[in-house]
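Colleague:
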Amino acid sequence: MKQGLQMHQWAKDLWPINRSLTGQGVRDSLAYLKNLLPPLQTHSIASGTSVFDWTVPEEWHCDEAYIIAPDGQRICDYSQNNLHLVGYSTAIDISISLNELKPYLYSMPDQPDYIPYVTSYFNKIWGFCLSHNDLNRLRDGIYKVVIKSNHFDGELNYADAIIRGKTDNEILLSTYACHPSMANNELSGPVLVAALGQWLLENQSQLKHSYRLVITPETVGAITYLSKHHEILKQHVIGGFQVTTVGDDRGFSYIESPYADTLSDVIAREVLHENGRGFKTYSFLHRGSDERQYCAPHIRLPIASICRTKYAEYPEYHTSADNLIDVVTPKGLQGAYDVYLKCIKRFEQLERIPEVRQRQQLPESPVVTCLCEPQLGKRGLYNLISYKGSQQDTRQLINVITYCDGTNTAANIAEIIGVSEDECLETIQLLKQHALIH
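Using this note's numbering, the first residue of the sequence shown is number 1, and each one after it goes up by one.
1) So, are the CB atoms of L105 and G127 less than 8 Å apart?
2) Considering only their Cβ atoms, is the gap separating C343 from I238 smaller than 8 Å?
3) Express the C-alpha separation of E348 and D63 in angstroms, rounding to a whole number.
4) Pull up the CB-CB distance for T394 and Y382, whole angstroms please, since I reckon it's below 8 Å.
5) With DSSP as the reference, label L314 as helix, strand or coil.
6) Shortest alpha-carbon distance to S188 belongs to which of K331, G141, W199?
7) Please state whether DSSP places G240 in a helix, a strand or coil.
8) Identify whether L376 lies in helix, strand or coil by the three-state DSSP scheme.
9) Using a Cβ-Cβ cut-off of 7 Å (strictly less than) and excluding sequence neighbours within five positions of P242, which residues of its own chain qualify?
10) What is the DSSP secondary structure of E253, counted as helix, strand or coil?
11) Indicate the three-state DSSP secondary structure (helix, strand or coil) for V118 in the structure shown.
12) Check L105 in the structure and name its three-state DSSP category.
13) Could you give the distance in angstroms between the alpha-carbon of G141 and the alpha-carbon of S44?
14) So, under 8 Å CB-CB, V220 and W54 are touching, yes? Tell me the CB distance rounded to an integer number of Å.
15) Sort out for me which residues DSSP pairs R212 with in a bridge.
16) Would you mind stating whether L431 and I398 have Cβ atoms separated by less than 8 Å?
17) Using three-state DSSP, classify W199 as helix, strand or coil.
18) Counting C-beta neighbours from all protein chains within 10 Å, is the total for F122 16 or more, i.e. buried, or is it exposed?
19) Beta-carbon within less than 7 Å of A31's beta-carbon, same chain only, minus the 5 sequence neighbours each way: which residues are those?
20) Is it buried or exposed for R19, if we count other Cβ within 10 angstroms and need 16 for buried?
21) Can you give, in chain order, each stretch of the alpha helix (DSSP H) that sits fully within the region 1 to 76 and has at least 4 residues?
22) From the DSSP secondary-structure annotation, give me the bridge partner or partners of D151.
23) Along the chain, where does the beta strand (DSSP E) that runs through K280 open and close?
24) With DSSP as the reference, please indicate the residues paired to L156 in a beta bridge.
25) In angstroms, rounded to a whole number, what distance separates the CA positions of V419 and S283?
26) Less than 8 Å between the CB atoms is what I'm expecting for I327 and A159, so what's the real figure, rounded?
27) Taking the alpha carbon of L83 as the point to measure from, which residue in D322, P366, Y254 has its own alpha carbon closest?
28) From S107 to E100, what distance separates their C-alpha atoms?
29) Alpha carbon to alpha carbon, how far is D71 from N133?
30) Shortest alpha-carbon distance to Q361 belongs to which of L130, E313, P297?
31) Going by CA-CA distance only, name the one from K2, G406, L37, E351 that's closest to I215.
32) Apart from the five residues on each side of it in sequence, which residues of its chain come closer than 6 Å, Cβ to Cβ, to V118?
33) Work out the CA separation of S131 and Y114 for me, nearest whole Å.
34) Using 8 Å for Cβ pairs, my map puts L213 next to V193. What's the rounded Cβ distance?
35) Please list, in chain order, all residues of the same chain as F152 whose beta carbon is under 7 Å from its beta carbon, the five residues on each side excluded.
36) What does the alpha-carbon distance come out to for the pair S365 and R137?
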């Protein structure tokens, strides 16, 4: 339990830092992790930089945000819980009626005690989040709304470390640091990667393979990292995992690579079977973290993911209830550490790297036109406000894109993603209209 207690304390230390996609909170978090793992190097990419189909966003900073109710009470106070503010909200200082305010308030009627996590990174709006019970307690009258924030040309930050073994073959362990005040969906990943990194450093002289540890903001951070390193990653990475939601003690989950045929898939299944607690397997159609980018067409790194309870599958996900008391525990973190360490040791035990059968390219198969996931929002194909469950609206589009890798016919893709061939063809046609596939 030693590592579990240690990781839980690190998570407690990181908890008060207000992280977002960019900003001082990310830099402070990476600095803390570097103290745990000195080889970590932090990198900065300027706002406005093109990274494949995306653009590095402006930096965002908020000094304070709150609403003053008609009775003078301060509610939705960002200083009390940073989930109260929609991420990347624009500045505002107005007095409006309750009816005018309600469109800017986000809650979850099906989970009335929790504050939801809502963001709008690429569409400049403002808004507040609160529990549905608190929303229902609001009374008519005039509300004072204050957000003191600003957007400016700054930088996106990520960190990486390469712990060299005897060969140039690399195992990739990637996680993210961009979510505020959520324990499993945020802090469990970085603290586990830091703990595994410490073990790798202690045993570096005996390592057969090299290990690349990566900590980025989710999605655009991973895309930025790949835009700088994808060629060398494709040359050297033989396996690895996207590390996320690894802190609870409710079970284990495994998310397959696109075709469930990589060395990472084999090792994940073997280790989880041997663990003896049972685990739930999810196809790549149920992906949702940065495995989307590492396994994208034209990238296709051999990456899978091992979670405790998979993101979006536990009730506290993307809410204020994802905490370090009821959800993430030392025991849960220890269990994840033990499983991941067994995976690392299994990679190290390989006598040779098995040959991976190349999938046959088909002359008329649809193929995506950009590297990593395309930015659908700027084309009007994606909900620009991110909240729990919002990705379901565009899941079919993204699924079709994922398997347009030159090896599948439309009929193949339809069968893989579970839709009719006609539906698949309609989606392909829509994507062609937006020049996302050819």
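C-beta atoms are modelled at their ideal positions from N, C-alpha and C, and glycine is treated no differently.
Modeller: Looking at the coordinates:
1) Residue mapping note: residue 105 aligns to position 105 of the sequence shown, counting from 1. Residue mapping note: residue 127 aligns to position 127 of the sequence shown, counting from 1. Yes, the Cβ-Cβ distance between L105 and G127 is below 8 Å.
2) Along the sequence shown, read from residue 1 onward, the residue named residue 238 stands at position 238. Along the sequence shown, read from residue 1 onward, the residue named residue 343 stands at position 343. No, they are not a contact pair.
3) Working through the sequence shown from its first residue, we reach residue 63 at position 63. Working through the sequence shown from its first residue, we reach residue 348 at position 348. Taking the straight line from one Cα to the other gives about 48 Å.
4) Here residue 394 is taken as the residue at index 394 of the sequence shown, counted from 1. Here residue 382 is taken as the residue at index 382 of the sequence shown, counted from 1. Their Cβ separation, rounded to whole angstroms, is 5 Å, which keeps T394 and Y382 in contact under 8 Å.
5) The count along the sequence shown starts at 1 and reaches residue 314 at position 314. Checking the displayed sequence, the identity of residue 314 turns out to be Tyr instead of Leu. DSSP places Y314 in coil when its eight states are reduced to three.
6) Indexing the sequence shown from 1 puts residue 188 at position 188. If we check each option's Cα against that of S188, K331 comes out closest.
7) As a first step, residue 240 must be located in the sequence shown, where it is residue number 240. Reduced to three states, the DSSP call for G240 is strand.
8) Here residue 376 corresponds to residue number 376 of the sequence shown, with the count starting at 1. L376 falls in the coil class under three-state DSSP.
9) By 1-based counting over the sequence shown, the position of residue 242 is 242. Checking the displayed sequence, the identity of residue 242 turns out to be Gln instead of Pro. Closer than 7 Å at the Cβ level, and outside the excluded window around Q242, lie S174, S289, D290, E291, Y294, I303, S305.
10) The residue given as residue 253 occupies position 253 in the sequence shown. The sequence given here places Ser at residue 253; Glu does not occur at that position. Strand at S253.
11) Here residue 118 refers to the residue found at position 118 of the sequence shown. If DSSP states are grouped into helix, strand and coil, V118 belongs with coil.
12) Translated into the one-based positions of the sequence shown, residue 105 becomes position 105. The answer is strand: DSSP assigns L105 an E or B state.
13) Here residue 141 corresponds to residue number 141 of the sequence shown, with the count starting at 1. Here residue 44 corresponds to residue number 44 of the sequence shown, with the count starting at 1. Approximately 46 Å, taken between the alpha carbons.
14) Here residue 220 refers to the residue found at position 220 of the sequence shown. Here residue 54 refers to the residue found at position 54 of the sequence shown. The pair is a contact, with the Cβ atoms about 6 Å apart (cut-off 8 Å).
15) What you label residue 212 is simply residue 212 of the sequence shown in a count that begins at 1. Its beta-bridge partners are I162, L172.
16) Mapped onto the sequence shown, residue 431 falls at position 431. Mapped onto the sequence shown, residue 398 falls at position 398. Their beta carbons are not under 8 Å apart, which means L431 does not touch I398 by this criterion.
17) Numbered from its first residue, the sequence shown carries residue 199 at position 199. Reduced to three states, the DSSP call for W199 is helix.
18) For the purposes of this step, residue 122 is taken as residue 122 along the sequence shown, with counting starting at 1. It counts as buried.
19) Residue mapping note: residue 31 aligns to position 31 of the sequence shown, counting from 1. Answer for A31: no residue qualifies.
20) Within the sequence shown, the letter at position 19 stands for residue 19. By the neighbour-count rule (16 or more Cβ atoms within 10 Å), R19 is buried.
21) 2 to 14, 24 to 36
22) Walking along the sequence shown from the start, residue 151 turns up at place 151. Asp is not the amino acid found at residue 151; the sequence shown has His there. The partner list for H151 (beta bridge, DSSP) reads W60.
23) By 1-based counting over the sequence shown, the position of residue 280 is 280. K280 -> beta strand (DSSP E) spans 280 to 282.
24) Working through the sequence shown from its first residue, we reach residue 156 at position 156. According to DSSP, L156 bridges with I45.
25) Stepping through the sequence shown from its first residue, residue 419 is reached at position 419. Stepping through the sequence shown from its first residue, residue 283 is reached at position 283. Spanning the two alpha carbons is a distance of roughly 15 Å.
26) By 1-based counting over the sequence shown, the position of residue 327 is 327. By 1-based counting over the sequence shown, the position of residue 159 is 159. A small fix is needed here, since residue 327 is Val in this sequence, not Ile. Not a contact, Cβ separation roughly 25 Å.
27) One-based indexing of the sequence shown puts residue 83 at position 83. Measuring from the Cα of L83, the nearest candidate turns out to be D322.
28) What you label residue 107 is simply residue 107 of the sequence shown in a count that begins at 1. What you label residue 100 is simply residue 100 of the sequence shown in a count that begins at 1. Roughly 16 Å separates the two Cα atoms.
29) For the purposes of this step, residue 71 is taken as the residue at position 71 of the sequence shown. For the purposes of this step, residue 133 is taken as the residue at position 133 of the sequence shown. When rounded, the distance between both Cα atoms is 18 Å.
30) Taking the first residue of the sequence shown as position 1, residue 361 is located at position 361. Looking at the Cα atoms, P297 is the closest of the given residues.
31) Indexing the sequence shown from 1 puts residue 215 at position 215. When only C-alpha atoms are compared, the closest one is L37.
32) Translated into the one-based positions of the sequence shown, residue 118 becomes position 118. If we look at V118 and ignore the five residues flanking it on each side, its Cβ neighbours are V86, Y106, C129, Y387.
33) What you label residue 114 is simply residue 114 of the sequence shown in a count that begins at 1. What you label residue 131 is simply residue 131 of the sequence shown in a count that begins at 1. Answer to the nearest angstrom: the Cα atoms are 5 Å apart.
34) Reading the sequence shown from its first residue, position 213 is the one you call residue 213. Reading the sequence shown from its first residue, position 193 is the one you call residue 193. Confirmed, Cβ separation roughly 6 Å.
35) Residue numbering aside, residue 152 sits at position 152 when the sequence shown is read from its first letter. So the qualifying residues of the chain are E58, E59.
36) Taking the first residue of the sequence shown as position 1, residue 365 is located at position 365. Taking the first residue of the sequence shown as position 1, residue 137 is located at position 137. Rounded to whole angstroms, S365 to R137 spans 56 Å at the Cα level.
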